[in-house]
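Visitor:
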Amino acid sequence: MNKKKSYWVSIDVISRIKRLCAEESLTEGKLLEKVLDNYEEKEDIQKLASRLETKLQITKKVISDVESDVLVAIKMLNSIATLQNIFTVVEEGQLLKDARMELKKEKNEKIIQALNKK
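Under UniProt numbering, the first residue of the sequence shown carries the number 1, and numbering increases by one thereafter.
1) Which runs of the alpha helix (DSSP H) at least 4 residues long sit entirely within the stretch 1-89? Give them in chain order.
2) Any contact between the stretch 29-36 and the stretch 10-20? By contact I mean 3 or more CB pairs, one from each, below 8 angstroms.
3) Here's the rule: buried if 16 or more other CB atoms are within 10 angstroms of the residue's CB, otherwise exposed. What is residue 83?
4) Can you say whether residue 56 is buried or exposed, counting buried as having 16 or more other CB atoms within 10 angstroms of its CB?
5) So what's residue 118 in DSSP terms, helix, strand or just coil?
6) Leaving out five residues on either side along the sequence, give the residues of the same chain with a beta carbon under 6 angstroms from the beta carbon of residue 85.
7) Starting from the C-beta of residue 26, find all residues in its chain whose C-beta is less than 6 angstroms away, skip the five residues before and the five after it, and write them out in chain order.
8) Using the rule of at least 16 other Cβ atoms within 10 Å of the residue's Cβ for burial, across every protein chain shown, is residue 31 buried or exposed?
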């Protein structure tokens, strides 16, 4: 079932239609029909453009959210790397401390051995 649409057009548009009718050797009705078909197509294109605009906005929002999540993940990874560096430094510090203790122990043993020999 075709529904007829009502269009409001200016007198200027009507005069252009009449002039085109004369140039194209068309009846005003046929030319008006072509013009209205064109308006309907433009309306469909505008609706499609509007839907695409909405999808684009949604896509931009998703991209923004993903970028935000990636930045948070990078910060978390940097924090983990910092903690690993701290643990490494602590471990190395403990190793140095253990090595110093071992050296002191060896020195003390040598001193005790030297005293025992006297």
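Heads up, the beta-carbon is just placed ideally off N, CA and C, and yes, glycines get one too.
Guide: Once the coordinates are examined:
1) 11-24
2) yes
3) Your numbering for residue 83 matches position 83 in the sequence shown. Flag for residue 83 reads exposed.
4) Position 56 of the sequence shown holds residue 56. Its Cβ having fewer than 16 others within 10 Å, residue 56 is exposed.
5) Here residue 118 is taken as the residue at index 118 of the sequence shown, counted from 1. In this structure, residue 118 counts as coil in the three-state DSSP scheme.
6) For the purposes of this step, residue 85 is taken as the residue at position 85 of the sequence shown. There are no such residues.
7) If you number the sequence shown from 1, residue 26 lands on position 26. Nothing listed; no residue qualifies.
8) Here residue 31 is taken as the residue at index 31 of the sequence shown, counted from 1. By the neighbour-count rule (16 or more Cβ atoms within 10 Å), residue 31 is buried.
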